[in-house]
Amino acid sequence: MNSFLQKDDNELLLLIKQNNAKALKKLYEKYYERLCKFSYYYVKSIEISEEVVSDVFLNIWLNRDNVEIKSSLKSYLFSSVRNRSINYLIKEKRNLENIEVFDLENIKAASVTPYEALKYKDLEDAIKSIIQKLPPQRRLIFRMSRIDGLKYKEIAEVLSISVNTVQNQMVKAVKFISSHYSLIKSLFIYLFFLVLK
Amino acid sequence: MSNKKLTFKTAIDMEKDKFIELVTKYLSNEANSEEKEQLRILLEDEEYSKLFTWISGIWHDYKNDDEPRFNFETGLEKLTSKIEQHEPGFSWIAEEFSGKKISTKRRKKRFFSVFITVAIIFIFSFVSIYYFALREQPQAVNVFNEKITQPGQKSILTLFDGTKITLNAGSKLRYPTHFGESSREVYLEGEAYFEVVRNTKKPFIVHTGKISTTVLGTKFNVTAYPDMEKIKVSLVEGKVSVSGTNKNKKRFKVNLVPKQQYVFDMKRKSGKVKEFNILKEIGWKDNTFIFDNDPLETVLRKLGRAFGVKLEVADKNAKDYKLKANFQNESFWTIIETIKYATELDYVIVSKNNELEKVIFKKPGK
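Heads up: the sequence lines are chains E and U, in that order.
Quick note on the working numbering: the first sequence kicks off at 586 and runs consecutively.
Quick note on the working numbering: the second sequence kicks off at 3 and runs consecutively.
Right, here's the structure in full:
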């Protein structure tokens, strides 16, 4: 719905600065689920994700007079959620592997062997498993682009890496996916005929 | 023993790398017009076009189902209690709520400046939308392409959004070079199998005369040959909805789930939903023909169109002979011989200028 009357992020922020609580609620509603899922990726807890996201918005409201956003509001929200999520993890010293490793060269993607491929009950299953096999940061970036709808520039801002890195990671992810094309396709046809017989 | 590995990148590898890079950018909406054009050129190659369809399928289908759902109401409660701790008496409803005390005079001034700001935003948005609407005008004049297959010819098309269409023999597909803002619409005469790339913002619509089939992203087959009395929409995967006008001049809409088929009788102007056999309906893509007590005339018409040769029956009562057969990638003459054996009819070959023109079946002894 692209109704002319639908306010965009910048308009909402402007209204929030003018003490418009309704605008805050609208913004909160717009991003709530996405940001919670994003936080969940780090903290692995529903409770904590909800705390983190509500804290971010509390902060925006309490400091509405002073809030200055240089980048897009979207990047700001995702960055804030990410920072608070990581801070939580550091405080709790829990599962440090959740924090992505930046040593990209040493992380090799696992490949799908034919034997493993036979375990998939259908193509959708196969697709999910292929994505799961991407190394953590590549998977995160792919997810942020595909699910959260962030532009490369925004992803770079949120993760504090260069736009070039983001693009390279995306291309590698797509390359990895396409490298399984012939294998999965032939497998699928094989299963299809198996079912028919 | 040195660990050096010599890697040579062939020209093909480099082109493929470039292809993947372009596809990635395009799907993430990061491609500029030059890159989109480069991609369009590469997509003219059938292999690349298949790969593109595959990648965009995965791209669009990917969902993170294993993440938990979050309830906004819960989140709102949390935020509300947190704010109330800092600003007692806080309310979501009041438009101009402020935790601070403001005198009436300041309030009026504040209201005025807010009003002006909102008015400016309003006007600005209106102007920019108007400006963009005007600029978009040239593209509103849509250029349509047409793909026509002759009898005996099949064709595969990949549209710019990644949708793949396999067009059966003797069919015609009209499609625009650019899809509209809110929908993707094509016009079909004949038969085609659609593998539509999912896009919830732009439903894909196939028009076959007065009947339209609407999908978000899915696999289905549409049969609408002008010489047939029936229009069929057979759903393999996903969801489609078929709409049109029935005999009472009323609009109707039918939703299908996979394995269901909608058959609309053009004469009676009414339709119904039935189950269908995938191989029977869609086997044509792989040259598979299944007949289950179909009248000979129908069988010959279908085969004739697929092979590009006219097939006829001379005797009136032989036209209704029922045929039960399963042909999987068989050659033309094997099929003709099989029919001869099954029906006990003889056949006569008619050629023109050394080319096979038609085959006529008739009762022996005439």
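For every residue, glycine included, the Cβ atom is placed at its ideal position computed from N, Cα and C.
All values derive from a computational prediction rather than experimental measurement.
Taking CB distances under 9 angstroms as the criterion, tell me whether residue i reaches chain U.
{"i": "A758 of chain E", "result": "yes"}
{"i": "D594 of chain E", "result": "no"}
{"i": "R731 of chain E", "result": "yes"}
{"i": "K659 of chain E", "result": "no"}
{"i": "V628 of chain E", "result": "no"}
{"i": "I715 of chain E", "result": "yes"}
{"i": "Y578 of chain E", "result": "No answer is possible for residue 578 of chain E: the residues shown for chain E start at 586 and end at 782."}
{"i": "E618 of chain E", "result": "yes"}
Going by DSSP in three states, residue i sits in which element: helix, strand or coil?
{"i": "I213 of chain U", "result": "strand"}
{"i": "Y28 of chain U", "result": "helix"}
{"i": "F266 of chain U", "result": "strand"}
{"i": "E314 of chain U", "result": "strand"}
{"i": "I14 of chain U", "result": "helix"}
{"i": "G240 of chain U", "result": "coil"}
{"i": "D348 of chain U", "result": "strand"}
{"i": "I715 of chain E", "result": "helix"}
{"i": "E636 of chain E", "result": "helix"}
{"i": "L597 of chain E", "result": "helix"}
{"i": "E357 of chain U", "result": "strand"}
{"i": "Y189 of chain U", "result": "strand"}
{"i": "I654 of chain E", "result": "coil"}
{"i": "I285 of chain U", "result": "A quick correction: the sequence has Gly, not Ile, at residue 285 of chain U. Three-state DSSP puts G285 of chain U in a helix."}
{"i": "N319 of chain U", "result": "helix"}
{"i": "Q752 of chain E", "result": "helix"}
{"i": "K271 of chain U", "result": "coil"}
{"i": "F23 of chain U", "result": "Per the sequence shown, residue 23 of chain U should be read as Glu rather than Phe. In the structure shown, E23 of chain U sits in a helix (DSSP, three-state: H, G or I)."}
{"i": "S747 of chain E", "result": "coil"}
{"i": "H765 of chain E", "result": "coil"}
{"i": "F126 of chain U", "result": "helix"}
{"i": "G734 of chain E", "result": "coil"}
{"i": "Y343 of chain U", "result": "helix"}
Note the first and the last residue of the continuous beta strand (DSSP E) segment covering residue i.
{"i": "N402 of chain U", "result": "There is simply no residue 402 of chain U to check, as chain U begins at 3 and stops at 368 in what is shown."}
{"i": "P366 of chain U", "result": "Premise fails: P366 of chain U is in no beta strand (DSSP E) and is neither H nor E."}
{"i": "N147 of chain U", "result": "F146 to I150"}
Examine chain E for any beta-carbon lying closer than 9 angstroms to the beta-carbon of residue i, and answer yes or no.
{"i": "S30 of chain U", "result": "yes"}
{"i": "W286 of chain U", "result": "no"}
{"i": "R270 of chain U", "result": "no"}
{"i": "I125 of chain U", "result": "no"}
{"i": "T26 of chain U", "result": "yes"}
{"i": "R71 of chain U", "result": "yes"}
{"i": "E23 of chain U", "result": "yes"}
{"i": "K80 of chain U", "result": "yes"}
{"i": "F114 of chain U", "result": "no"}
{"i": "T119 of chain U", "result": "yes"}
{"i": "T76 of chain U", "result": "yes"}
{"i": "I57 of chain U", "result": "yes"}
{"i": "I158 of chain U", "result": "no"}
Going by DSSP, what residues sit across from residue i in a beta bridge?
{"i": "G246 of chain U", "result": "U:F254"}
{"i": "K326 of chain U", "result": "U:D294"}
{"i": "T160 of chain U", "result": "U:K166"}
{"i": "K276 of chain U", "result": "U:Q263"}
{"i": "V759 of chain E", "result": "Per DSSP, none; premise fails for V759 of chain E."}
{"i": "F196 of chain U", "result": "U:I167 and U:F222"}
{"i": "I233 of chain U", "result": "U:F266"}
{"i": "F206 of chain U", "result": "U:R186 and U:V217"}
{"i": "I362 of chain U", "result": "U:E314 and U:V350"}
Note the first and the last residue of the continuous alpha helix (DSSP H) segment covering residue i.
{"i": "L44 of chain U", "result": "S35 to L44"}
{"i": "A606 of chain E", "result": "A606 to V628"}
{"i": "K738 of chain E", "result": "Y737 to L744"}
{"i": "P178 of chain U", "result": "Where P178 of chain U is concerned, there is no enclosing alpha helix (DSSP H), although the beta strand (DSSP E) it sits in stretches over K174 to P178."}
{"i": "R728 of chain E", "result": "P721 to R731"}
{"i": "R667 of chain E", "result": "L658 to E677"}
Would you please verify whether the beta carbon of residue i is less than 9 angstroms from any beta carbon of chain C?
{"i": "E614 of chain E", "result": "The question asks about chain C, but that chain is absent: this structure's protein chains are E and U."}
If you scan the stretch 71-101 of chain U from start to end, which runs of the beta strand (DSSP E) of 3 or more residues do you find wholly inside it? none
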